[in-house]
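The next block holds one structure in the form of structure tokens; read it before the comments.
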Amino acid sequence: MNAAVAALGPFAIEAQHLEKRYGKDVVALRDLSFQVERGTIFALLGPNGAGKSTAVKILTTMTHPDAGRARVAGIDVIANPRGVRRIIGCVAQKDAVDLEATGRENITLQAQMYAMESRDGRRRVAELLDRFQLTDAADRLARTYSGGMRRKLGVAMGLVHQPEVLFLDEPTTGLDPEARSSLWSEIHRLAACDGVSVLLTTHYLDEADHLAHRLAIIDDGRVVTDGTPDQLKSRLLGDAINIQLDADAVIGDALRALSPRNGWLRDVTAEGRAVHARVDDGARAVPGVLAALDAAGVTVASVTVSRPSLDDVYLSHTGRSFSAAHAGDSR
Amino acid sequence: MSTLVMQPTHMAVRYLRALWRQPLYVVMQLVQPVIWLFLFGQLFKNVATLPGFAGVSYIDYLAPGVLVMSALLSNGWSGTLYLTDMERGVLDRLLSTPARRSSFLIGQLGYWATLTVVQSVILVGLAVLGGARFAGGGLSVLALVAAAVLLGLVMACFSNTLALRLRDQNTVIAANVMLVLPLCFISSVFLPQALMPEWIQTVARFNPVNWAVEAGRQSILANVDWSIVLTRLGGLAALAVVFGLLAVRSFRAYQRAL
Numbered sequence: 000m001n002a003a004v005a006a007l008g009p010f011a012i013e014a015q016h017l018e019k020r021y022g023k024d025v026v027a028l029r030d031l032s033f034q035v036e037r038g039t040i041f042a043l044l045g046p047n048g049a050g051k052s053t054a055v056k057i058l059t060t061m062t063h064p065d066a067g068r069a070r071v072a073g074i075d076v077i078a079n080p081r082g083v084r085r086i087i088g089c090v091a092q093k094d095a096v097d098l099e100a101t102g103r104e105n106i107t108l109q110a111q112m113y114a115m116e117s118r119d120g121r122r123r124v125a126e127l128l129d130r131f132q133l134t135d136a137a138d139r140l141a142r143t144y145s146g147g148m149r150r151k152l153g154v155a156m157g158l159v160h161q162p163e164v165l166f167l168d169e170p171t172t173g174l175d176p177e178a179r180s181s182l183w184s185e186i187h188r189l190a191a192c193d194g195v196s197v198l199l200t201t202h203y204l205d206e207a208d209h210l211a212h213r214l215a216i217i218d219d220g221r222v223v224t225d226g227t228p229d230q231l232k233s234r235l236l237g238d239a240i241n242i243q244l245d246a247d248a249v250i251g252d253a254l255r256a257l258s259p260r261n262g263w264l265r266d267v268t269a270e271g272r273a274v275h276a277r278v279d280d281g282a283r284a285v286p287g288v289l290a291a292l293d294a295a296g297v298t299v300a301s302v303t304v305s306r307p308s309l310d311d312v313y314l315s316h317t318g319r320s321f322s323a324a325h326a327g328d329s330r
Numbered sequence: 000m001s002t003l004v005m006q007p008t009h010m011a012v013r014y015l016r017a018l019w020r021q022p023l024y025v026v027m028q029l030v031q032p033v034i035w036l037f038l039f040g041q042l043f044k045n046v047a048t049l050p051g052f053a054g055v056s057y058i059d060y061l062a063p064g065v066l067v068m069s070a071l072l073s074n075g076w077s078g079t080l081y082l083t084d085m086e087r088g089v090l091d092r093l094l095s096t097p098a099r100r101s102s103f104l105i106g107q108l109g110y111w112a113t114l115t116v117v118q119s120v121i122l123v124g125l126a127v128l129g130g131a132r133f134a135g136g137g138l139s140v141l142a143l144v145a146a147a148v149l150l151g152l153v154m155a156c157f158s159n160t161l162a163l164r165l166r167d168q169n170t171v172i173a174a175n176v177m178l179v180l181p182l183c184f185i186s187s188v189f190l191p192q193a194l195m196p197e198w199i200q201t202v203a204r205f206n207p208v209n210w211a212v213e214a215g216r217q218s219i220l221a222n223v224d225w226s227i228v229l230t231r232l233g234g235l236a237a238l239a240v241v242f243g244l245l246a247v248r249s250f251r252a253y254q255r256a257l
């Protein structure tokens, strides 16, 4: 974050008590509040219909909230939508690329809509084509581009006017792993090197974990929890320890053997031939667990220790596993 | 130059460029009115012997009518451009820029006006080759093209309004098909008013298609009645402004529904 940016105030985005309903029955946002610090990447995570896209539409001045207020880089989205549009870049879920135009024509038109004419505009367009490895394909119709190239073109278009705040609505949905990781490093670079504040919504927990400085899990139109990925994970209290028993071991013996250690081992559960438990420090707990089982004559096939994942965080806050929550439509 | 001029120009260029890349579509758009002109010209050739035609040949009579009808037909597709942009997310992207909503509309209308002019010039040329005389002279032919352009803009704005408010391709296309032919038949595109039943004559007075045909048809008369030309063009221009405002407002309705 450079000094000039910091001087403008601490928050890139402030959303306060946003509410939005569609018709009478559909409540998209109930009471959504969150803040994004300047120069950071912030992820909104949530199941389909949680209100992620609605929040983005309000913050990008595409639609009005029914109640609440929001400011982007200190500018009120309702009072001064054009002011907001000047300093934000938007990359929508759809590629939003004109397929009948070339890559260069697409970015050029976008530059022209920000009144960047002639020389400056052309230089910026060439720079972006280069940055997103589209120079060779620049004069081909976007119709001929791969999914990854179209997405890159979409992101490049969102950056043409060097926005202060960039909105990325599910930026890597539908991309192959290679295109995903290349876009990730580009997004990371935007915040780290160019001081751009980024709000991204995502379907992918690993994406939020990998990219976001902070994240908020939203469900049913409100924030259920927020913090850094590590904070959220450590609030789950401890590592998961998974013990796979041998075929001849008796699961009841294993549970009995571990019961004196209750209070230290938490949430001990059996599932088939496996025992799951939570413990503050998984690696240190393993020798004691193995010794106790050995003393009780229970033979162990394997032991694994894992740090809690965002999936666990998600499950504990929404009551649904992440994959199960993603069957419906997005809103 | 000011963004007020440049941004609409960029939008118009964008549509023209896309059109240029579909030469087959361009050809078909141009062939259709030629078919109307020569097919109807032959089919109804003898109609011109009826009283009410004032001795002009039918191709003479028909040429301004077909020109106006062709403008109506092609401009009626206008809304589908926005629908394609909506579907791909391009419209939302444009709306998220600080450019004025009116720039998007004016640019698109500039595209349609350009197309109507080109289509009209080609049709006038072909009609002349086919034997039409346009006795009113150059200025009156210009008025004919102006009438076609203005009527086309009214239709384009109407189609855009439907597209932005209903967001449904089928409705926009059906509205075009449903409206164009009845509007043309309730006008003097094919027959002079004197030969129409009285109720159609009455309805025709309020039909903007008829205004355009009346203004344009002066071009085939040796003595052009400029008061007819100017009042009809004035009416069309006023209507184009009204429908233009409706279309700009529809951008807001579209965003509210997002």
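Protein sequences appear in the order of chains P and Z. Heads up, the first sequence is in numbering that gives the first Met the number 0, so the first residue is 0 and it goes up one at a time. Heads up, the second sequence is in numbering that gives the first Met the number 0, so the first residue is 0 and it goes up one at a time. For glycine and all other residues, C-beta sits at the position ideal for the given N, C-alpha and C.
Extent of the continuous beta strand (DSSP E) to which phenylalanine 166 of chain P belongs: 164 to 168
Where valine 26 of chain P meets chain Z, residues with beta-carbon distance less than 7 Å: Ordered by position in chain Z, no residue passes the 7 Å Cβ test against valine 26 of chain P, which lies about 16 Å from the chain.
Tell me whether aspartate 311 of chain P is buried or exposed, calling it buried when 16 or more other Cβ atoms sit within 10 Å of its Cβ. buried
Starting from methionine 5 of chain Z, find everything on chain B with Cβ-Cβ shorter than 9 Å and list it in chain order. Among the protein chains in the structure shown, which are P and Z, there is no chain B.
Looking at chain Z, is there any beta carbon in it that lies within less than 8 Å of the beta carbon of lysine 19 of chain P? no
Please check the pair valine 171 of chain Z and threonine 79 of chain Z, which I expect to be a contact at CB under 8 Å, by giving their CB distance rounded to whole angstroms. 6 Å
Compare the C-beta of glycine 327 of chain P with all C-beta atoms of chain Z and state if any pair is closer than 8 Å. Note that glycine 327 of chain P scores 45 on pLDDT, short of 50, meaning its location in the model is unreliable and no value can be drawn from it.
When you compare only the Cα positions, how much space is there between glycine 137 of chain Z and arginine 164 of chain Z? 41 Å
Which runs of the alpha helix (DSSP H) at least 4 residues long sit entirely within the region 54 to 112 of chain P? Give them in chain order. 80 to 86, 102 to 112
I'd like the list of long-range same chain contacts for arginine 166 of chain Z, defined as Cβ closer than 8 Å, with 5 residues on each side in sequence excluded. Leu82, Met85, Tyr253, Ala256
Per DSSP, what kind of secondary structure is isoleucine 121 of chain Z in: helix, strand or coil? helix
CB contact below 8 Å: asparagine 1 of chain P versus chain Z: With a pLDDT of 46 at asparagine 1 of chain P, under the threshold of 50, the predicted position of this residue should be treated as unreliable, though the coordinate-derived value follows. Taking Cβ atoms only, chain Z never reaches closer than 8 Å to asparagine 1 of chain P, which makes this a no.
Through-space distance from glutamine 41 of chain Z to glycine 129 of chain Z, alpha-carbon basis: 11 Å
Taking the alpha-carbon of alanine 95 of chain P as reference, which of P:His187, P:Arg84, P:Leu108, P:Ile86 has the nearest alpha-carbon? P:Leu108
Interfacial residues, the region 86 to 103 of chain P to chain Z, with Cβ spacing under 8 Å: Ile87, Cys89, Ala91, Gln92, Lys93, Asp94, Ala95, Val96, Asp97, Leu98, Glu99, Ala100
Where are the alpha helix (DSSP H) runs, 4 residues long or more, that stay fully inside the region 192 to 219 of chain P, in chain order? 204 to 210
Which class does valine 4 of chain P belong to by DSSP, given the choice of helix, strand or coil? Note on valine 4 of chain P: pLDDT 44, under 50, position unreliable in the model; no value is reported.
Nearest-angstrom Cα separation, counted from methionine 10 of chain Z out to threonine 134 of chain P: 23 Å
Quick check: is the beta carbon of leucine 108 of chain P nearer than 8 Å to any beta carbon in chain Z? yes
Just to make sure I have the definition right: I need the residues of chain P whose C-beta is within less than 8 Å of the C-beta of proline 22 of chain Z. Which are they? Neighbours of proline 22 of chain Z on chain P: none; closest Cβ ~13 Å, over 8 Å.
For asparagine 79 of chain P, which of P:Asp129, P:Ile57, P:Ala141 has the nearest alpha-carbon? P:Ile57
Just to confirm my understanding: we take aspartate 328 of chain P, look at its own chain, exclude 5 residues before and 5 after, and list those with CB closer than 8 Å. What are they? Reliability of the predicted coordinates at aspartate 328 of chain P is poor, the pLDDT of 41 falling under 50, and no value is obtained from them.
Can you give me the Cβ contacts of glutamine 34 of chain P inside the same chain, cut-off strictly under 7 Å, excluding the 5 residues immediately before and after it? Phe10, Ile12, Glu13
State whether the region 202 to 222 of chain P contacts the region 265 to 281 of chain P, with contact taken as three or more CB pairs (one from each stretch) at a distance under 8 Å. no
Given that a residue counts as buried once 16 or more other Cβ atoms are within 10 Å of its Cβ, and exposed if not, what is glycine 106 of chain Z? buried
For threonine 39 of chain P, which three-state DSSP category applies? coil
Does the region 108 to 119 of chain Z come into contact with the region 2 to 20 of chain Z, if we say contact requires no fewer than three beta-carbon pairs (one atom in each stretch) closer than 8 Å? yes
So, at 6 Å on beta carbons, what are the nonlocal neighbours of alanine 203 of chain Z in its own chain, with the 5 sequence-adjacent residues on each side left out? Ile185, Ser186, Asn209
Examine the ligand NAP and report whether any of its heavy atoms sits within less than 7 Å of the Cβ of serine 95 of chain Z. No copy of the ligand NAP appears in this structure; indeed no ligand is present at all.
Neighbourhood of aspartate 224 of chain Z by C-beta distance below 8 Å, restricted to the same chain and skipping five residues each side: Gln217
Taking the beta carbon of serine 69 of chain Z as the centre, do at least 16 other beta carbons fall within 10 Å, making it buried, or is it exposed? buried
Distance between phenylalanine 189 of chain Z and aspartate 65 of chain P (C-alpha atoms, nearest Å): 53 Å
Counting only C-beta atoms, is alanine 252 of chain Z closer than 8 Å to chain P at any point? no
Residues that DSSP places opposite alanine 146 of chain Z in a beta bridge: Answer by DSSP bridge pairing: none, since alanine 146 of chain Z is not bridged.
Suppose the cutoff is 7 Å on Cβ atoms and the five residues either side in sequence are ignored; what does the same chain contact list for serine 305 of chain P look like? Asp238, Ala239
Could you spell out the range, first to last residue, of the beta strand (DSSP E) harbouring isoleucine 12 of chain P? 10 to 21
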